[in-house]
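Visitor: Sharing a structure, written as structure tokens. Questions coming.
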Amino acid sequence: EMLLNDLADTSDLPTSLIITNVDISVFRDPEQKAKFEEMFELIEPGASFGYFRSFRRARVTFESPDSAARARIHCHQLQFGESVLNCYFAQASSPDEGKDGHLQPPSPQRQFLISPPASPPVGWEPVEEHEPCINYDIITALASMAPGEPHELHPPSDTQPGIVVHICEEVPSSEPKPEKPCYIHTPCPE
Numbered sequence: 001e002m003l004l005n006d007l008a009d010t011s012d013l014p015t016s017l018i019i020t021n022v023d024i025s026v027f028r029d030p031e032q033k034a035k036f037e038e039m040f041e042l043i044e045p046g047a048s049f050g051y052f053r054s055f056r057r058a059r060v061t062f063e064s065p066d067s068a069a070r071a072r073i074h075c076h077q078l079q080f081g082e083s084v085l086n087c088y089f090a091q092a093s094s095p096d097e098g099k100d101g102h103l104q105p106p107s108p109q110r111q112f113l114i115s116p117p118a119s120p121p122v123g124w125e126p127v128e129e130h131e132p133c134i135n136y137d138i139i140t141a142l143a144s145m146a147p148g149e150p151h152e153l154h155p156p157s158d159t160q161p162g163i164v165v166h167i168c169e170e171v172p173s174s175e176p177k178p179e180k181p182c183y184i185h186t187p188c189p190e
């Protein structure tokens, strides 16, 4: 109650709460469901409920943001059944969104990446690219390698052996390589 009094203006808060980690008994047992709803109806008798069983969540909608704030303060981290409830304000949607009920493309002011658009807006400038990152450790390791010499990949320690790669010399083979078989071209039918 004291926390709610500290909130000077609750008019910008949403009127709905999303309750997560709802005990599964709420979805199966009508008595548990009634007890769950009673917790929120004590705060505001006109609250409406929407259940999302597969997510173990519920949406509680109040008539005023003040009631939603009270319910959130009272019921957040509350033990109900075998679960601890978490209460979050539902995302409020502004009346400007979706006037025609469809998704709208984002505003075009920041949709340009590195390449310039066909007709850039006034003041548009390309983004400067940074110089490539040079890894000097890799360059040093590559420079220290010499062809035909063994390379130590992992130095030995008290508990592990070292890993050294020795380059094998090519031994000339005494056996001749088998010749490729000659395939006879099949003529096209006329």
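For the sequence shown, the positions run 1 to 190 when UniProt numbering is used. Note that the Cβ used here is the ideal one computed from N, Cα and C, for glycine as well. Keep in mind it's a predicted model, so treat the numbers as computed, not measured.
1. Does CYS75 come out as helix, strand or coil in the three-state DSSP assignment?
2. If you draw a straight line from the C-alpha of LEU13 to the C-alpha of GLN77, how long is it?
3. Ignore the nearest five residues each way along the sequence and tell me which others in HIS74's own chain have a CB closer than 7 Å to its CB.
4. Hey, which unbroken runs of the alpha helix (DSSP H) at 4 residues or more fall wholly within the segment 118-153?
5. Let me check understanding here. Comparing Cα to Cα, which of ILE24, PRO45, THR186 lies closest to residue 193?
6. Count the other CB atoms, across all protein chains shown, that sit within 10 Å of the CB of THR140; report buried if there are 16 or more and exposed otherwise.
7. Please identify the residue among SER144, GLU129, HIS130 whose C-alpha is closest to the C-alpha of TYR136.
8. Where does ARG70 fall in DSSP's three states?
Guide: Working from what's here:
1. Here residue 75 refers to the residue found at position 75 when the sequence shown is read from its first residue. Residue state, collapsed to three classes: helix.
2. Translated into the one-based positions of the sequence shown, residue 13 becomes position 13. Translated into the one-based positions of the sequence shown, residue 77 becomes position 77. Going by C-alpha positions, LEU13 is about 20 Å away from GLN77.
3. Indexing the sequence shown from 1 puts residue 74 at position 74. Here the set comprises ILE43.
4. 136-144
5. Coverage of the chain is limited to positions 1 through 190, which leaves residue 193 absent and any answer about it impossible.
6. Here residue 140 refers to the residue found at position 140 of the sequence shown. Counting Cβ neighbours within 10 Å, THR140 comes out exposed, since fewer than 16 surround it.
7. In the sequence shown, counting from the first residue as 1, residue 136 sits at position 136. If we check each option's Cα against that of TYR136, SER144 comes out closest.
8. Locating residue 70 in the sequence shown gives position 70, where the first residue counts as 1. DSSP places ARG70 in helix when its eight states are reduced to three.
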